[in-house]
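Line by line, the protein sequences are chains A and B.
Positions 366 to 632 (the numbering used here) are the ones given, in order, by the first sequence.
Positions 366 to 632 (the numbering used here) are the ones given, in order, by the second sequence.
Below you'll find the structure, written out as structure tokens, and then a few comments.
Number of protein chains: 2
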Amino acid sequence: MNAPGRLPGHSDGTVGKAMDVLDAVAAAGEPVRFSQLLATGRWPKATLYRLMQTLTSQGLLSHQDGSYTLGLRLIRLAHGAWQQASLAPIAQPFIDQLSAELCETVHLAQMDRGQVLYVDKRAAHNPIPMFSDAGKVGPSYCTGVGKAMLAHLPEDELSAALSRQAFHPHTAHTHTDANSLRAELAEIHKSGVSFDREEHEPTIICVAVPILSRHGTPLGALSVTSTTGRHSLAALARLAPALKSTAAQIAEAAQAWTFPQRDQATP
Amino acid sequence: MNAPGRLPGHSDGTVGKAMDVLDAVAAAGEPVRFSQLLATGRWPKATLYRLMQTLTSQGLLSHQDGSYTLGLRLIRLAHGAWQQASLAPIAQPFIDQLSAELCETVHLAQMDRGQVLYVDKRAAHNPIPMFSDAGKVGPSYCTGVGKAMLAHLPEDELSAALSRQAFHPHTAHTHTDANSLRAELAEIHKSGVSFDREEHEPTIICVAVPILSRHGTPLGALSVTSTTGRHSLAALARLAPALKSTAAQIAEAAQAWTFPQRDQATP
DNA sequence: GCACATGTTCCATATAATGGAACTTGGTTT
DNA sequence: AAACCAAGTTCCATTATATGGAACATGTGC
């Protein structure tokens with residue numbers, strides 16, 4: 366079955382396999398048929414069948430008209446995750462203020478298994494149609510927020526994260542290997558600011574800063590995105606101080622925040 | 366282990382147990398310690414320990430400072446669920462229009478395992494809806510949207526849903542048993558409109574309509590919420606036609622919508 | 001009515017989960 | 001400092017669960 370040493374962080378027990386199936390359904394991005402998943406050859410027929418039965422019965426998948434989609438129960442759980450584990454609720458007022466002040470699109474992201482997870486977004490008045498929304502994921506190696514966080518990761522987590530990067534050359538400016546990326550990360554670590562120089566999508570540029578804990582580990586990152594048509598990189602660079610200041614405020618708020626402390630009803 | 370006759374909260378296999386743990390963490394609403402969950406007596410020590418290890422390794426839980434919270438991976442999956450399985454993306458323009466037209470708070474909800482899951486919300490002045498609003502759950506038996514959907518459920522699903530209701534008397538107007546609720550559901554089924562007459566929270570009232578498929582099964586529900594201070598029930602009742610019209614448009618759009626259809630278009 | 005594709009069930013076997021108890025770890029009391 | 005306690009972690013024989021090849025059902029077009 367499973368070779369002794371499989372890929373890092375993969376396939377622990379039945380739960381891991383079930384999550385693989387969920388990921389596969391999520392990756393499809395549209396309702397999938399049982400046979401479509403089966404055709405990937407990743408699972409034997411009966412195994413996949415029972416796994417999907419279980420997931421459906423749990424509300425993690427939804428089965429209608431012979432096709433499967435992700436289930437609503439995920440939305441319910443994510444609501445809790447968004448409140449408990451994400452910076453978004455804490456950062457909201459600061460991001461509102463920053464977005465209003467700069468009149469630009471602001472993104473709040475966190476690192477999830479080596480990928481960038483956007484947890485909040487504040488659009489400028491004329492929203493640019495692009496790759497973004499809360500819950501959306503993106504690559505770390507070619508985004509401003511991704512590099513900002515990578516640059517402050519401890520070595521063991523960094524190498525784990527780098528091993529998960531695709532290094533697909535989206536544009537002519539994209540890093541295509543870990544070494545060239547590491548060189549830039551060192552600079553970013555020093556300056557505390559990172560840029561996306563059209564590395565992910567042509568004409569899209571951004572400036573980003575990490576949100577750092579007391580210990581210097583990245584809690585998340587903040588970015589302002591624009592286009593080459595509207596801003597130069599130098600113009601974006603001038604926004605860095607405002608971003609840094611907001612990031613510091615968020616970091617402070619995040620660490621001051623202990624949950625409501627409702628041990629008992631204090632009668 | 367499990368008694369021969371499985372109880373309402375049927376736990377299927379390891380995945381089911383893992384989900385129970387996730388629910389427990391979600392229910393806490395704040396970071397929980399291993400010992401807190403252990404103290405509920407629902408799981409033996411070693412079992413709970415390994416289960417949480419697995420969940421953490423999968424990114425479904427996050428472990429920091431000795432406490433567990435729901436993990437970010439859930440947000441990522443929920444993003445897919447929101448797009449694939451919820452009415453929200455389809456309903457968005459219609460809800461925007463309705464909300465602008467009425468200048469009132471509009472909710473879009475769906476049924477999830479007997480409970481009302483709010484998948485979108487448009488407040489009169491608050492423009493950005495996200496997981497902060499979407500993802501909230503509420504009871505079916507004492508909310509407008511809940512009753513609107515229950516009223517159109519086939520008998521088997523209805524009785525399953527009713528068996529999951531708490532019938533907690535939140536206010537003096539709350540239904541406290543299935544029979545009294547069923548009587549109202551019959552009326553709602555006829556009229557196609559339901560009301561929350563301060564059944565969940567004092568002074569909070571609402572009018573709701575179901576979003577029905579061609580076959581008459583509820584896909585979701587739409588509501589306008591207000592307070593006794595601002596509106597009478599009669600005033601809310603006058604909004605019903607606008608709600609019904611919007612619901613019909615959403616139903617049509619939902620059923621017209623087949624996903625992008627990348628392969629074969631029916632020859 | 002037949003053929004082929006898709007979906008479902010069976011069942012002996014292999015695998016993974018179980019949980020009682022023993023063992024660390026870190027902090028507090030005597 | 002030794003003794004204590006609580007929280008967290010590991011061990012391992014036992015038992016429950018998942019596995020998957022193959023047979024069985026269902027249904028759609030010919």
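We put the CB at the ideal spot given by N, CA and C, even for glycine.
Note that the structure is predicted; figures quoted are calculated from it, not measured.
Taking CB atoms only, A/S528 has no neighbour in chain B less than 8 Å away. Using a Cβ distance threshold of 8 Å, B/L387 and B/L437 do not count as a contacting pair. Chain-ordered, the chain B residues with CB closer than 7 Å to the CB of A/G424 read D477 and R478.
The DSSP-derived three-state label of A/Y506 is coil.
The beta strand (DSSP E) runs lying completely inside the region 455-490 of chain A and spanning 3 residues or more are 470-477 and 480-487, given in chain order.
Within chain B, Q423 have C-beta atoms less than 7 Å from the C-beta of A/M384, given in sequence order. The residue among A/L577, A/P504, A/L598 and A/M384 with its C-alpha nearest the C-alpha of A/S610 is A/L577. Neighbours of B/W408 in chain A, taken as residues at a C-beta separation under 7 Å, are lacking, since the least C-beta distance is about 14 Å. The Cβ of A/T434 sits closer than 8 Å to at least one Cβ of chain B.
Counting only Cβ-Cβ distances below 7 Å, A/A450 has contacts in chain B at S427, T434, L435, G436 and L437, in chain order. Around the beta carbon of B/R441, 16 or more other beta carbons sit within 10 angstroms, so the residue counts as buried. Against chain A, the beta carbon of B/K501 has neighbours under 7 Å at H444, listed in chain order. Distance check between A/T470 and each of A/D485, A/Q480 and A/T541 places A/D485 closest, using alpha-carbon atoms only.
Residue pairing by DSSP puts A/L577 in a beta bridge opposite A/P583.
A distance below 8 Å between beta-carbons, with the five flanking residues on each side excluded, links A/H535 to the following residues of its chain, in chain order: C507, E564, H565 and E566. Spatial neighbours of A/A612 in its own chain (CB-CB distance under 6 Å, excluding positions within 5 residues in sequence) are listed in chain order as V574, I576 and L587. For B/Q448, the enclosing alpha helix (DSSP H) starts and ends at R438 to Q449.
For B/H565, the three-state secondary structure derived from DSSP is coil. Exposure of B/G431 is indicated by the presence of fewer than 16 other C-beta atoms within 10 angstroms of its C-beta.
Under the three-state reduction of DSSP output, A/R415 falls in the helix class. For B/H580, the number of other beta carbons within 10 angstroms of its own is below 16, and it is reported as exposed.
With respect to A/G500, A/V481 sits apart: the two C-beta atoms are not nearer than 8 Å.
At a cut-off of 8 Å, the C-beta of B/V481 has no neighbouring C-beta in chain A. Note that the region 596-603 of chain A does not touch the region 539-556 of chain A; fewer than 3 beta-carbon pairs, one per stretch, sit closer than 8 Å.
B/Q423 is classed as buried because its beta carbon has at least 16 other beta carbons within 10 Å across all chains shown. Bridge pairing for B/L426: B/L435 [DSSP]. If the five residues before and after A/T539 are omitted, its C-beta is found closer than 6 Å to the C-beta atoms of C507 and E564, all from its own chain and listed in chain order. Inter-residue distance for A/V589 and A/Y483 is about 13 Å (C-alpha atoms, whole angstroms). When the beta-carbon positions are compared, A/T379 and B/V380 come within less than 8 Å of each other. For B/V380, the nearest beta carbon of chain A is closer than 8 Å to its own beta carbon.
Residue pairing by DSSP places B/S559 opposite B/A573 in a beta bridge. Take the alpha-carbon of B/D521 and the one of A/F399: they are about 26 Å apart.
What B/R441 touches in chain A, judged by beta-carbon distance under 7 Å, is D477, L482, G500 and V502, going in chain order. In this structure B/R603 is exposed. Its beta-carbon is surrounded by fewer than 16 other beta-carbon atoms within 10 angstroms.
By a beta-carbon distance limit of 8 Å, A/A446 contacts B/L439. Their separation comes to about 4 Å.
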